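Notes follow once the structure below has been shown.
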Amino acid sequence: LQRSMFLSFKAKYTIDKYFKQQKLLLNYDQLLNILSDRFSVSAEQFRLKQFLERPFSFLLNVAIGPERHHSYFVKLYKVENIEKQQKNIEKEFAISRFWFDKFGNHSPFRVIEPVWMDSQHLVITTRKSPGVNLLKLTNQLGFFPNHNLVKKHLDILSNAGAWLKKFQSFST
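Heads up: the sequence shown begins at 83 in the working numbering, then just goes up one per residue.
Here's what the structure looks like:
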């Protein structure tokens, strides 16, 4: 709970600072209000799990709902060229929807689900896809991994290769 409160404070402070500098189109409270309306929940039913500042955007990983079982990523773009960014967000959302629809019937292969976008305010929301984070996975190996850990990694990386093969079959 303390970590979540700290993240919320950090996110509010940072987002509001960028909003005042006209580098974001929404302040923190406006963003929460829009998301509350979109997901039909109160702002109190959001729990910030992760907050990242990236070169062109902020990424918020939020749990939403009374039980907070649903995990979403909210990407809030920094303002550069609004008209161009609005078109890019619409394109990004459409491409994400295309790939989600393609992979929807292939349960072992996961892609993010695009949930909602607000191109006017440069916001995209996606549902977290269950699965293994490959970066975290490879960091677990260390110098002398045991046989079971190596086998687990090979199985997961094999699945990643199968995902890429399926992806390429759709895109060629």
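For each residue, glycine too, the CB sits at the ideal point set by N, CA and C. Quick caveat: nothing in here was measured; it's all calculated off a predicted structure.
The three-state reading of DSSP puts Val156 in strand, counting E and B together. Contact between the stretch 126–137 and the stretch 216–228 is not established, with fewer than three Cβ pairs separated by less than 8 angstroms.
Glu162 sits in coil when the DSSP states are folded into three classes, being neither helix nor strand.
In the structure shown, Ser139 falls within a strand segment according to DSSP collapsed to helix, strand and coil.
Following the DSSP letters along the chain, one finds Arg209 inside the beta strand (DSSP E) bounded by residues 205–209. Per DSSP, reduced to three states, the secondary structure at Lys131 is strand. The alpha-carbon separation between Asp119 and Gly224 amounts to approximately 45 angstroms.
The alpha-carbon of Asn115 is positioned some 7 angstroms away from that of Ala125. DSSP places Ile116 in the helix class (H, G or I) of the three-state scheme. A straight-line Cα-Cα distance of about 22 angstroms links Pro196 and Pro137. Leu89 and Arg192 have their C-alpha atoms some 28 angstroms from each other. For the set Gln202, Ser178, Lys99, Leu219, the Cα lying nearest the Cα of Glu165 is the one of Gln202. DSSP places Val232 in the helix class (H, G or I) of the three-state scheme.
In summary, Val205 is buried, with 16 or more beta-carbon neighbours lying within 10 Å of its beta-carbon over all protein chains present. His152 is the residue among Leu236, His152, Ile97, Ser251 whose C-alpha sits nearest the C-alpha of Val123. For Ile238, the CB contacts under 7 angstroms within the same chain, skipping 5 residues up- and downstream, are Val214, Leu219 in chain order. Using a 10 angstroms sphere on the CB of Val156, the tally of other CB atoms reaches 16 or more, which defines it as buried. For Ile177, the secondary structure class from DSSP, reduced to helix, strand or coil, is helix.
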